[in-house]
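K.L.:
Chains as they are written, first to last, in this note's numbering: chain A, 266 to 457; chain B, 266 to 457.
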DNA sequence: ACCTGACTAAAAAACGAGAAAAGTCAAATT
DNA sequence: AATTTGACTTTTCTCGTTTTTTAGTCAGGT
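1) Could you compute how far the alpha carbon of residue 286 of chain B sits from the alpha carbon of residue 378 of chain B?
2) In chain order, what residues of the same chain have a beta carbon less than 7 angstroms from the beta carbon of residue 358 of chain A, not counting five sequence neighbours either side?
3) Identify, in the order they occur along the chain, each residue of the same chain with its Cβ nearer than 7 angstroms to the Cβ of residue 360 of chain B, setting aside the five sequence neighbours on each side.
4) Between residue 288 of chain B and residue 306 of chain A, what straight-line distance do the alpha-carbon atoms span, to the nearest angstrom?
5) Along the alpha helix (DSSP H) that carries residue 305 of chain A, what are the first and last residues, could you check?
6) Can you tell me whether residue 331 of chain A is buried or exposed, with buried defined as 16 or more other CB within 10 angstroms of its CB?
7) If you draw a straight line from the alpha carbon of residue 291 of chain B to that of residue 353 of chain A, how long is it in whole angstroms?
8) Give me whichever residues DSSP pairs with residue 455 of chain B in a beta bridge.
9) Taking only the alpha-carbon atoms, compute the straight-line gap between residue 456 of chain B and residue 403 of chain B and give it to the nearest angstrom.
10) Give the straight-line distance between the Cα atoms of residue 279 of chain B and residue 296 of chain B, rounded to the nearest whole angstrom.
11) Below 8 angstroms, can you find three or more Cβ-Cβ pairs linking the region 313 to 322 of chain A to the region 331 to 351 of chain A?
12) Comparing the C-beta of residue 415 of chain A with each C-beta of chain B, is any distance below 8 angstroms?
13) Runs of 4 residues minimum, wholly inside the region 306 to 360 of chain B: which ones carry the alpha helix (DSSP H) assignment?
14) Pick helix, strand or coil for residue 384 of chain B, following the three-state DSSP scheme.
15) Check whether the Cβ of residue 441 of chain B lies closer than 8 angstroms to any Cβ atom in chain A.
16) Measuring straight from C-alpha to C-alpha, what distance separates residue 266 of chain B and residue 424 of chain A?
17) For residue 407 of chain A, which residues in the same chain have their Cβ closer than 7 angstroms to its Cβ, ignoring the five residues on either side in sequence?
18) So, does the CB of residue 418 of chain A fall closer than 8 angstroms to a CB anywhere in chain B?
19) How about residue 383 of chain A: is its C-beta nearer than 8 angstroms to some C-beta of chain B?
20) Is it buried or exposed for residue 388 of chain A, if we count other Cβ within 10 angstroms and need 16 for buried?
21) Taking only the alpha-carbon atoms, compute the straight-line gap between residue 365 of chain A and residue 381 of chain A and give it to the nearest angstrom.
22) Go ahead and pull the three-state DSSP assignment for residue 378 of chain B.
23) Drop a sphere of 10 angstroms on the beta-carbon of residue 410 of chain B, count the other beta-carbons inside from all chains shown, and report buried for 16 or more, exposed for fewer.
24) Which class does residue 418 of chain B belong to by DSSP, given the choice of helix, strand or coil?
25) Measuring straight from C-alpha to C-alpha, what distance separates residue 418 of chain B and residue 450 of chain B?
26) For the alpha helix (DSSP H) holding residue 297 of chain B, just list the boundary residues, first then last.
27) For a cutoff of 8 angstroms on Cβ pairs, would you count residue 347 of chain A as touching chain B?
28) What in chain B is Cβ-close to residue 328 of chain A, meaning under 8 angstroms?
29) Relative to the C-alpha of residue 443 of chain B, which candidate in A:413, A:448 and A:421 has its C-alpha closest?
30) I'd like to check one pair, residue 281 of chain A with residue 324 of chain A: are the Cβ atoms closer than 8 angstroms?
31) Taking 8 angstroms as the CB-CB cut-off, is residue 421 of chain A touching chain B?
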């Protein structure tokens, strides 16, 4: 009970400060102060500052990912699931970019972090997209020659579009294009 | 005659050294030495180091762009033109990434340069893609609601896919995905 | 008009001292 | 035994100064 309380409190407080000042400008001391804990307590739960940051980012990832999965679950068919998946994914990235305001100013230095965390979820995501496409095929909505390849190709595109968010904040500009791309993509795989 | 000789020689030599060491690690002194010219000669033709670099990159761009245009010209119909355009564009980027080896280690710091240079060609490229799509519509190959939006969307995707080349060198992996994307995309816009 | 090389100004790198921050751990508390 | 603390050590960062390197200049030569 108390165990979870301290750790969660640290993560929560750390999230607020990291998201505002970024990794480098945030000290472990100020996190400790804000959490009303001794610095040693933080090192009891997290091996180092990096692991704390990783914990914060993963926690945020989990939250946003639940929203993503939920949006798919309430879709009526595979086409809608796919469209919603892509839209909400973009919105998720947009939220993350806004949450981590400080990330924008120094994206490259955070890249190793981001890659490390996302590596955990990449396999999961490709499984998700594949199952999406498979159910579309099984429901006679889609006709796809190679589901694995199509899923990989789609994720490659989506990942390529992430960086503009972090660097340029061009969400509004990109959204219309995304919607057009979604409709072309779905038209390209739908059963005739 | 002599005019063009010295300037071209400087550009050529600068291209070799910049491509190997990148902008920051290359000195104007060593370019001058390698070209067997005095440093003042370089400043006779180029206002500053940046303009020299820009000259080198533009020269390379021109060469690669001619190949791109040529590959389109020998295509039989709009579908083939579009597919070839995308494939050769990716190959072009791949070549550029290999040529500028040093860019890979520090891609984002070069981004302002690249953006400045490419701004000159962006309008041209969107015009090219739009004319491609338009001819497809006029030939009854494609049906597209909004050519401008579709062209923008496609270019957004293609630009997003450039970054893996510079960061990860995964050309072989990307190519298959690109081919699948091309066929889906064309299927998505072709007339039924 | 083109080219040179000595020179200047600016930028970058190196350095050392001190401050700040990450991390440690014995002792205290629960 | 698990959790927490706070004084302490080690590591990293910052800053001002000095030195070196580099970009750029320009009078003079061809």
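Note that beta-carbon positions come from the ideal geometry of N, C-alpha and C, so glycine has one too.
This one's a predicted model, so the numbers in the text were calculated from it and none came from an experiment.
P.N.:
With the structure as the only source:
1) 16 angstroms
2) 427 and 430
3) 329
4) 47 angstroms
5) 304 to 310
6) exposed
7) 45 angstroms
8) B:407
9) 11 angstroms
10) 6 angstroms
11) no
12) yes
13) 314 to 338
14) helix
15) yes
16) Residue confidence for residue 266 of chain B is low, a pLDDT of 41 falling below 50, so the modelled location carries little weight and cannot support an answer.
17) 343, 398, 401, 454, 455 and 456
18) yes
19) no
20) exposed
21) 17 angstroms
22) helix
23) exposed
24) helix
25) 11 angstroms
26) 293 to 299
27) no
28) Here the premise fails: no neighbours, minimum Cβ distance about 25 angstroms.
29) A:421
30) no
31) yes
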